[in-house]
Each structure stands twice: as C-alpha cells, then as structure tokens.
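Trainee:
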Amino acid sequence: EVGGRFRPYSDITGVCVRCKEQIEWKRRYGKYKALTEPAKCQKCTRRAVRQAYHNLCSGCAKEQKVCAKCRCQVDNLVGRDSEVEAEQKALEEAIKNARERDRRTLLRAMNKSKDNNSGKDDDSGKSATEKANKVGDIFPSSSLEDYARSRQQGRVGRGNEEEEVEGEEEVEDNTEEDNTDDEE
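Right under this line is the structure:
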C-alpha cells in the first residue's frame, strides 16, 4: 500500500509552503491520490510531472521560479533543489549512523566549510580554538587540559575562576582563626 510503512510517499518538493500544507493534509486524512503515471506539464506539455497535485514539471517550475502546484511567484519554495536535499539527507543519515569519532570529523569538516563560505563572522576577535570549542558558551575552558586542571582544583563552572579561588582561600583562613580562638 502506498503511503504505508513499506512504501512511503515521496517527499513534497517544488511547491510553496501553503501548497505543501495542503498536500500534507491530504496525506494525513487519506484524501491523497498518488500518480500512477506521469502527468502533462501545463507549460511545456511533456509528460514530465511526476508528483501528485503538481501542474508544472520541476524544470519549468525552476525556470519560471514559481510553485509547481499553484504557479504563484514565491521566494521560499519547499524542496527547491531535490538533489541538494537528497545529498543533505544522505549526509545526515551517514552522521547519524557513524561512530562518534567519524561523526565529529564530519561535523568539523562541515563547520569548516561553512566558515569558509560565510566569510568573516561576528566572532572575528576570537581565535580558531575558541571558535571551535565555543569557549564561554558551553565549555568553561579553552582546552581539555585546562578543563582537567580546573576540575582537579574544583573550579569547574563557576564564572570568574580567579576571584573565586581568592575568596575560597580567605574563607579557609577565617575558619582556621576561629578554630585557634576556640582552643585558647
């Protein structure tokens, strides 16, 4: 059965958000009729429309930059480049199924390519290790060694570490003085 567990529907691509919601509604409530054979494109009259409820083939819709269902001019089309989406899904699946070491390597490579494509960030004052480690956002230390040292000293996750350490020493000194007063 199409739309079931073993034969799921194909992805909805090349339509505006409103049309996507309409098609999803039809799928959800059992009104969706999948195409049995390709339909004719209303622009080029070739039998190239492969998705149900679409009026234009993907080539004509891309060429005119319109929704393939309602033919309205929209900037945000859902699934405009199905090839890019397919590649992205394959990459996400590979990341999900990869072991931790490979997953982190892939994520690092992806982040590096994004940084190269976007140019300069608003974090231009930070060093490369701070950008990679997100110092201050998630991790309190800039490196694993710093984290281990601060963990051994009991200073992890306390804001400004230097002031905290000085305050702790003063408290310890006061408790020792109190103990000596009691003994006398």
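Residue numbers (my numbering): 37 to 220.
Positions of the beta carbon are idealized from the N, C-alpha and C atoms, including for glycine.
1) Per DSSP, cysteine 52 forms a beta bridge with which residues?
2) Can you look up lysine 98 in the DSSP assignment and give me helix, strand or coil?
3) Check this for me: beta carbons of arginine 64 and glycine 39, under 8 Å apart or not?
4) Assuming isoleucine 131 and leucine 142 are in contact, meaning their beta carbons sit under 8 Å apart, how far apart are those beta carbons, in whole angstroms?
5) When the Cα atoms are used, what is the spatial distance from glycine 195 to asparagine 152?
6) So, is leucine 127 buried or exposed, given that buried needs 16 or more other C-beta atoms within 10 angstroms?
7) If you draw a straight line from the C-alpha of alanine 75 to the C-alpha of lysine 98, how long is it?
8) If you compare alpha carbons, which of Arg43, Cys103, Arg54, Arg82 is closest to histidine 90?
9) Does any CB atom of chain B fall closer than 8 Å to the CB of cysteine 93?
10) Count the other CB atoms, across all protein chains shown, that sit within 10 Å of the CB of glutamine 87; report buried if there are 16 or more and exposed otherwise.
11) Express the C-alpha separation of glutamate 60 and tyrosine 45 in angstroms, rounding to a whole number.
12) Would a C-beta distance cut-off of 8 Å place arginine 107 and cysteine 93 closer than the cut-off?
13) Assuming valine 51 and lysine 105 form a contact by the criterion Cβ under 8 Å, report the distance between their Cβ atoms to the nearest whole angstrom.
14) Would DSSP call arginine 139 helix, strand or coil?
15) Would you decide whether threonine 72 is buried or exposed? Buried here means 16 or more other CB atoms lie within 10 Å of its CB.
16) Is DSSP giving arginine 83 helix, strand or coil here?
17) Output the distance between the C-alpha atoms of aspartate 138 and lysine 150, rounded to the nearest integer angstrom.
Mentor: On the basis of the data shown:
1) BP columns for cysteine 52 point to Leu113.
2) Lysine 98 falls in the helix class under three-state DSSP.
3) Against a cut-off of 8 Å, the Cβ pair of glycine 39 and arginine 64 comes out as no contact.
4) Yes, they are in contact, since the Cβ atoms of isoleucine 131 and leucine 142 sit about 5 Å apart, within 8 Å.
5) Because the pLDDT of glycine 195 is 48, which lies under 50, any placement of that residue in the model is unreliable, and the number read from its coordinates should be weighed accordingly. When rounded, the separation of the alpha-carbon atoms in glycine 195 and asparagine 152 is 32 Å.
6) Label assigned to leucine 127: exposed.
7) If you take the alpha carbons of alanine 75 and lysine 98, they lie about 17 Å apart.
8) Taking each of Arg43, Cys103, Arg54, Arg82 in turn and checking the Cα distance to histidine 90, the smallest one comes out for Cys103.
9) Structure shown: chain B not included; a single protein chain is present.
10) Glutamine 87 should be labelled buried.
11) Tyrosine 45 and glutamate 60 have their C-alpha atoms roughly 10 Å apart.
12) Between arginine 107 and cysteine 93, the C-beta gap is not smaller than 8 Å, which leaves the two residues out of contact.
13) Confirmed, Cβ separation roughly 5 Å.
14) In this structure, arginine 139 counts as helix in the three-state DSSP scheme.
15) By the 10 Å Cβ count, threonine 72 comes out exposed.
16) Looking at arginine 83 - three-state DSSP - the assignment turns out to be strand.
17) Approximately 18 Å, taken between the alpha carbons.
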